[in-house]
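Novice: Numbering of the sequence shown is given in my numbering, commencing with residue 116 and proceeding in unit increments.
If you scroll down you'll find the structure; I have some questions about it.
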Amino acid sequence: MIVCRPGIGERRILQSGYLDEIVGLVGDNWSVRRKTEAQEDLPHPGKQLTIMNTRVIELIAGKKERWPLAGDQFYLDLNLGPDNLPPGTHLSLGSATIVIADMPHLGCEKFARRFGSDALTFVCSELGRSQNFRGVNATVVKRGTVRVNDIVTKLPNPLRPW
Numbered sequence: 116m117i118v119c120r121p122g123i124g125e126r127r128i129l130q131s132g133y134l135d136e137i138v139g140l141v142g143d144n145w146s147v148r149r150k151t152e153a154q155e156d157l158p159h160p161g162k163q164l165t166i167m168n169t170r171v172i173e174l175i176a177g178k179k180e181r182w183p184l185a186g187d188q189f190y191l192d193l194n195l196g197p198d199n200l201p202p203g204t205h206l207s208l209g210s211a212t213i214v215i216a217d218m219p220h221l222g223c224e225k226f227a228r229r230f231g232s233d234a235l236t237f238v239c240s241e242l243g244r245s246q247n248f249r250g251v252n253a254t255v256v257k258r259g260t261v262r263v264n265d266i267v268t269k270l271p272n273p274l275r276p277w
């Protein structure tokens with residue numbers, strides 16, 4: 116699933132999207148939003164995209180219609196644990212390439228409000244953190260189009276080839 120967040124609390128489910136190195140998912144509000152109205156600094160580039168595992172969100176949210184409430188842009192049937200996707204891992208999504216960031220993607224009070232405190236406890240548990248149940252952050256390194264059901268491929272890291 117691909118979800119665009121054009122405004123605060125807004126979600127649009129997309130069949131395809133365009134990833135850009137500057138703005139992330141085109142049409143998403145990542146590049147212009149701030150944590151608070153008073154915050155003037157730019158959004159963190161390592162948090163340009165957020166990805167969550169489809170099996171974890173299905174367990175937490177149930178119906179697919181509720182998945183976008185988590186606030187992530189991509190829901191992939193992919194092991195997001197650090198043994199499979201350590202920071203620096205490059206992934207091909209459609210014709211775009213992204214890199215997994217080294218900062219954790221953690222749950223927040225909005226996640227707890229939408230899915231319950233038990234869900235937040237689960238994703239933030241020792242097991243949940245060790246396997247990135249809440250998901251991972253990523254950055255676009257090569258622009259391109261991504262579509263629902265595109266094959267996601269791990270690429271050799273140019274800094275640490277296999």
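Even glycine gets a Cβ: it sits at the ideal position worked out from N, Cα and C.
Rounded to the nearest angstrom, what separates A110 and M116 at their Cα positions?
Specialist: Residue 110 cannot be examined here, being either before or after the span of the chain that is shown, 116 to 277.
Novice: In terms of alpha-carbon separation, which member of H220, E173, W145, F248 lies closest to E136?
Specialist: W145
Novice: Quick one: using the 10 Å Cβ neighbour count with 16 as the cut-off for buried, is N247 buried or exposed?
Specialist: Per the 10 Å Cβ criterion, buried.
Novice: Out of curiosity, what's the CA-to-CA distance linking P121 and G186?
Specialist: 11 Å
Novice: Is it the case that the Cβ atoms of V214 and H220 are separated by a distance below 7 Å?
Specialist: no
Novice: Take the Cβ of I128 as the centre, count every other Cβ of all protein chains shown within 10 Å, and call the residue buried at 16 or more, exposed below.
Specialist: Per the 10 Å Cβ criterion, exposed.
Novice: What is the residue span of the beta strand (DSSP E) that V141 lies within?
Specialist: Taken as a continuous stretch (DSSP letters only), V141 belongs to no beta strand (DSSP E), as it is neither H nor E.
Novice: Terminal residues of the continuous alpha helix (DSSP H) containing D217?
Specialist: Segment 211-219 is the beta strand (DSSP E) holding D217; no alpha helix (DSSP H) there.
Novice: What's the C-alpha gap between R181 and L164?
Specialist: Roughly 19 Å separates the two Cα atoms.
Novice: So, is N264 buried or exposed, given that buried needs 16 or more other C-beta atoms within 10 angstroms?
Specialist: exposed
Novice: With H, G and I counted as helix, E and B as strand and the rest as coil, what does DSSP make of L184?
Specialist: Assigned with DSSP and collapsed to three states, L184 falls in helix.
Novice: Report all residues from its chain with a CB closer than 8 Å to the CB of E173; omit the five preceding and five following residues, and keep chain order.
Specialist: K179, W182
Novice: Short check: CB of T212 to CB of Y190, under 7 Å?
Specialist: no
Novice: Should G250 go down as buried or exposed, given a rule of 16 or more other Cβ atoms within 10 Å for buried?
Specialist: buried
Novice: Identify which residue in G139, G132, T260, D143 has its Cα closest to the Cα of I123.
Specialist: D143
Novice: Closest to G209 by CA distance: which of G259, R126, P271 is it?
Specialist: Ranked by how close their Cα comes to the Cα of G209, the residues G259, R126, P271 have G259 in first place.
Novice: Looking only at its chain, what residues have a beta carbon closer than 7 Å to the beta carbon of L193, apart from the 5 residues adjacent to it on each side?
Specialist: Only residues of its own chain outside the window of five on either side were considered, and among them N168, V267 have a CB closer than 7 Å to the CB of L193, listed in chain order.
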